[in-house]
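Q: Following this message is one structure expressed as structure tokens.
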Amino acid sequence: MDKNFIVQAVRGMNDVLPAQIAGWQQLERVTRELFAAYGFEEMRVPLVEHTALFKRAIGEYTDIVEKEMYTFTDSGGDSLTLRPEGTAGVVRAAITNGLLRGARLKLWTSGPMFRHERPQKGRYRQFHQIDVEAIGFAGPDIDAELIALTARLWRTLGITRVKLKINSLGTIESRRVYREKLVTYFRQHEAALDADSLRRLEGNPLRILDSKNPDMQAVVSGAPLLTDHLDAESREHFDSLCAMLTGMGIEYVIDPRLVRGLDYYSRTVFEWVTDALGAQDAICSGGRYDGLIPQLGGDPTPAIGFAMGVERVVELLSQTGAPLAPAAPDVYVMASGERAQRTALALVERLRDDLPQVTLHVNLGSGNFKAQFRRADKSGAALALILGDAELERGVAALKPLRHEAGQTECPLEELAVRIPAILADLAEPNNAV
RNA sequence: GUGGACGUAGCUCAGCUGGUAGAGUCCCGGAUUGUGAUUCCGGCUGUCGCGGGUUCGAGUCCCGUCGUCCACCCCA
């Protein structure tokens, strides 16, 4: 085989193998239950939208829109884009399906997102997010509830190395005023800015505050703070949120330099970070986007949402050390001899009819008893069902517990549907364990 | 997009200053011709990421390329 002809996976787009799936399924199960408990309903939206939607929602001058989108022209001549984030599609769906009209929507969705970035740990070109959006809620109480939900999620999953950062960006108007002050300040200190920051000065000056360059610390720390330039209503909204978080016993730090990279955010923004994943430390973040819906053509409606990175949370989950072993079957069925092998499948199908709650794995293909026992052991099954020509002669099967000292017994074929659950129940008793 | 490290068997890795590859594990068979651990014996798998160059000779040196990882950047 010529390795040059082996089809490779696309860079940054990963397979999730059976050995890794347990963490994904656990996260999916826990979030599904939690969202239902908080009154959120699932919805599903397309992976592909018109390019214009993302340009208008995320912002023309963001990194995502400028250089990270998978955009193509379809055969009808439309410019389409693989979604780089989830909120725009959900909001578009709410508008085009007529779900607004003063409604209060609590929604969640999940699936793959696409950004053409250089892959590294926790950052892939196809990655997965779980998105939660609350549309039609103006007060700080929904902000607090969303954050409480995420805090509960970490607790439920056993994830501890996370920290909550919050901030308020103010209204779009107050942010514009602050932005001008900031630009004025940085212009006065242009000599001290690095190349990245000079570039941002035009497009997104707030991001300069986020700079990790140590040489920039002096300039950045002298910059006017967003928190000091909030309008009165945003100030009150933010103070209420802080009080509610404190009231719920949720720890947080106010980070006046926390700025989101998407233009649609206003007022509350928050981010859960961890020190366990390296440079890609944000596992869940979001904020309020009161101005987005009218900007996309809907009736003015306040809203807030967040997204969590599935790959990153799953990685944290696997680091917590909680064993996520693949499920072992209850029974491994082995057959040796021509007649037994012919009979085994039919026998097992009857057992599946009678015992739908019991998982049975059948040894497929050939293999001597030694090999079949090895496979049975590896499968993790509690019980081996052994069918040989000798047993068939007498109309019985042998049953051997694989994880306990209890010895091997024989059972008439017609009694298996009764005997197997009885033995499994017996083996499940903790004091019978080896 | 920028910088750095790395790429040898399915997996984890060894291979000193260039002399055409090795261990453990996994898998298969046997000791035990119908019984899973362990032990012992035997066996299978590699165009040393790919392409080019230097050399009598390259896993080893050089260049390019692809990929992974780390950081920048960005963000979930």
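Numbering-wise, the first sequence is residues 433 to 866 according to my numbering. Note that CB positions come from ideal geometry on N, CA and C, so glycine has one too. All of these numbers come straight from a predicted model, not from anything done at the bench.
Quick check on this structure: which residue in Q840, S798 and N636 has the alpha carbon closest to the alpha carbon of L815?
A: Working through the first sequence from its first residue, we reach residue 815 at position 383. Checking every option, the nearest Cα to that of L815 belongs to Q840.
Q: List, from N- to C-terminal side, the alpha helix (DSSP H) runs of 4 residues or more that fit wholly inside the region 437 to 485.
A: Fully enclosed alpha helix (DSSP H) runs of 4 or longer: 453 to 469.
Q: Whose C-beta lies closer than 7 Å to the C-beta of A857 among residues of the same chain, with five residues either side of it excluded?
A: Locating residue 857 in the first sequence gives position 425, where the first residue counts as 1. Nothing listed; no residue qualifies.
Q: For I736, does the three-state DSSP call read helix, strand or coil?
A: Looking up residue 736 in the first sequence gives position 304. Strand.
Q: I'd like the span of the alpha helix (DSSP H) that includes Q575, first residue to last.
A: Stepping through the first sequence from its first residue, residue 575 is reached at position 143. At residue 575 the sequence reads Asp, which differs from the Gln that was named. Residues P572 to L589.
Q: Quick check on DSSP: helix, strand or coil for P844?
A: Numbered from its first residue, the first sequence carries residue 844 at position 412. Strand, per DSSP.
Q: For H793, write down the residues that DSSP places opposite it in a beta bridge.
A: As a first step, residue 793 is located in the first sequence; it is residue number 361 there, counting from the start. BP columns for H793 point to Y764.
Q: Assign D563 to one of three DSSP states: helix, strand, or coil.
A: Residue mapping note: residue 563 aligns to position 131 of the first sequence, counting from 1. Strand, per DSSP.
Q: Quick check on G820: does DSSP put it in helix, strand or coil?
A: What you label residue 820 is simply residue 388 of the first sequence in a count that begins at 1. Of the three classes helix, strand and coil, the one that applies to G820 here is strand, per DSSP.
Q: CB R720 to CB Y697, shorter than 8 Å?
A: Residue mapping note: residue 720 aligns to position 288 of the first sequence, counting from 1. Residue mapping note: residue 697 aligns to position 265 of the first sequence, counting from 1. Contact: yes.
Q: Does the separation of the CB atoms of F486 and V497 fall below 8 Å?
A: Residue 486 sits at position 54 when you count from the first residue of the first sequence. Residue 497 sits at position 65 when you count from the first residue of the first sequence. Cβ atoms of F486 and V497: closer than 8 Å.
Q: What are the start and end residues of the beta strand (DSSP E) that includes M648?
A: Taking the first sequence and counting its residues from 1, the one referred to as residue 648 is at position 216. Looking at the DSSP string, M648 is not in any beta strand (DSSP E), and its letter there is neither H nor E.
Q: Report yes or no: do the region 759 to 772 and the region 781 to 798 share at least 3 C-beta pairs separated by less than 8 Å?
A: Verdict: yes, contact present.
Q: Consult DSSP for D858 and reduce its assignment to one of helix, strand or coil.
A: In the first sequence, residue 858 corresponds to position 426, counting from 1. D858 falls in the helix class under three-state DSSP.
Q: Sorted by chain position, which residues of the same chain lie with C-beta nearer than 7 Å to A849's C-beta, five sequence neighbours on each side aside?
A: The residue labelled residue 849 in the question sits at position 417 within the first sequence. Closer than 7 Å at the Cβ level, and outside the excluded window around A849, lie L783, D786 and L787.
Q: Which term fits P726, buried or exposed, when burial requires 16 or more other beta carbons within 10 angstroms of its beta carbon?
A: One-based indexing of the first sequence puts residue 726 at position 294. Exposed.
Q: CA-CA distance, S750 and S717?
A: Taking the first sequence and counting its residues from 1, the one referred to as residue 750 is at position 318. Taking the first sequence and counting its residues from 1, the one referred to as residue 717 is at position 285. Approximately 21 Å, taken between the alpha carbons.
Q: Could you check whether H661 and S606 sit closer than 8 Å to each other, using their CB atoms as the reference points?
A: Looking up residue 606 in the first sequence gives position 174. Looking up residue 661 in the first sequence gives position 229. Yes, Cβ-Cβ distance for S606 and H661 is below 8 Å.
Q: Answer with buried or exposed for P723, where buried requires no fewer than 16 other C-beta atoms within 10 angstroms of its C-beta.
A: Mapped onto the first sequence, residue 723 falls at position 291. Sequence check: residue 723 is Gly here, not Pro. Per the 10 Å Cβ criterion, buried.
Q: Taking all protein chains shown into account, decide if H669 is buried (16 or more other Cβ within 10 angstroms of its Cβ) or exposed.
A: For the purposes of this step, residue 669 is taken as residue 237 along the first sequence, with counting starting at 1. It is buried - the Cβ of H669 has at least 16 other Cβ atoms within 10 Å.
Q: Determine, using beta carbons only, whether D821 and A772 come nearer to each other than 8 Å.
A: As a working note, residue 821 is residue 389 in the first sequence. As a working note, residue 772 is residue 340 in the first sequence. Yes, Cβ-Cβ distance for D821 and A772 is below 8 Å.
Q: Quick one: give me the first and last residue of the alpha helix (DSSP H) that P637 is part of.
A: Residue 637 sits at position 205 when you count from the first residue of the first sequence. First-last for P637: undefined, no H or E at that position.
Q: Let me know the secondary structure DSSP gives V652 once reduced to three states.
A: Indexing the first sequence from 1 puts residue 652 at position 220. DSSP places V652 in helix when its eight states are reduced to three.
Q: Taking 8 Å as the threshold (C-beta atoms), are A708 and R593 in contact?
A: Within the first sequence, the letter at position 161 stands for residue 593. Within the first sequence, the letter at position 276 stands for residue 708. Yes, the pair counts as a contact, with Cβ atoms nearer than the cut-off.
Q: Does R547 pass the burial test, meaning 16 or more other C-beta atoms within 10 Å, or should it be called exposed?
A: Counting from one through the first sequence, the residue named residue 547 turns up at place 115. By the 10 Å Cβ count, R547 comes out buried.
Q: Counting C-beta neighbours from all protein chains within 10 Å, is the total for S542 16 or more, i.e. buried, or is it exposed?
A: Residue 542 sits at position 110 when you count from the first residue of the first sequence. Buried.
Q: In whole angstroms, give me the CA-to-CA distance for A714 and A860.
A: Counting from one through the first sequence, the residue named residue 714 turns up at place 282. Counting from one through the first sequence, the residue named residue 860 turns up at place 428. If you take the alpha carbons of A714 and A860, they lie about 42 Å apart.
Q: State the Cα-Cα distance for the pair V745 and Q552, rounded to the nearest angstrom.
A: Here residue 745 is taken as the residue at index 313 of the first sequence, counted from 1. Here residue 552 is taken as the residue at index 120 of the first sequence, counted from 1. Each residue's Cα considered, the two are about 16 Å apart.
Q: Taking K597 as the reference, give the member of L532, I686, Y470 and E465 with the closest Cα.
A: For the purposes of this step, residue 597 is identified with residue 165 of the first sequence, where counting begins at 1. It is I686.
Q: Taking 8 Å as the cut-off, decide whether the C-beta atoms of T678 and I736 are in contact.
A: Looking up residue 678 in the first sequence gives position 246. Looking up residue 736 in the first sequence gives position 304. Not in contact: T678 and I736 (Cβ atoms no closer than 8 Å).
Q: Confirm, please, whether the CB-CB distance from L817 to L831 is below 8 Å.
A: Along the first sequence, read from residue 1 onward, the residue named residue 831 stands at position 399. Along the first sequence, read from residue 1 onward, the residue named residue 817 stands at position 385. Yes. Within cutoff.
Q: Spell out the partners DSSP gives T700 in its beta bridges.
A: Here residue 700 refers to the residue found at position 268 of the first sequence. For T700, which the question treats as bridged, DSSP gives the partners S600.
Q: Quick one: what's got a C-beta closer than 6 Å to E565's C-beta in the same chain, skipping five residues either side?
A: Counted from its first residue, the first sequence places residue 565 at position 133. Cβ neighbours of E565 beyond the five flanking positions: V522, L539 and G737.
Q: Could you give the residue range of the beta strand (DSSP E) that holds M545?
A: Your numbering for residue 545 matches position 113 in the first sequence. Looking at the DSSP string, the run of the beta strand (DSSP E) that includes M545 is L537 to F546.
Q: Which whole-angstrom value is the C-beta distance of A576 and M680, which I expect to be below 8 Å?
A: Your numbering for residue 576 matches position 144 in the first sequence. Your numbering for residue 680 matches position 248 in the first sequence. With a Cβ gap of about 7 Å, A576 and M680 count as contacting.
Q: From this set, R851, R774 and F702, which residue's C-alpha is nearest C674's C-alpha?
A: Counted from its first residue, the first sequence places residue 674 at position 242. For the residues R851, R774 and F702, the minimum Cα distance to C674 belongs to F702.
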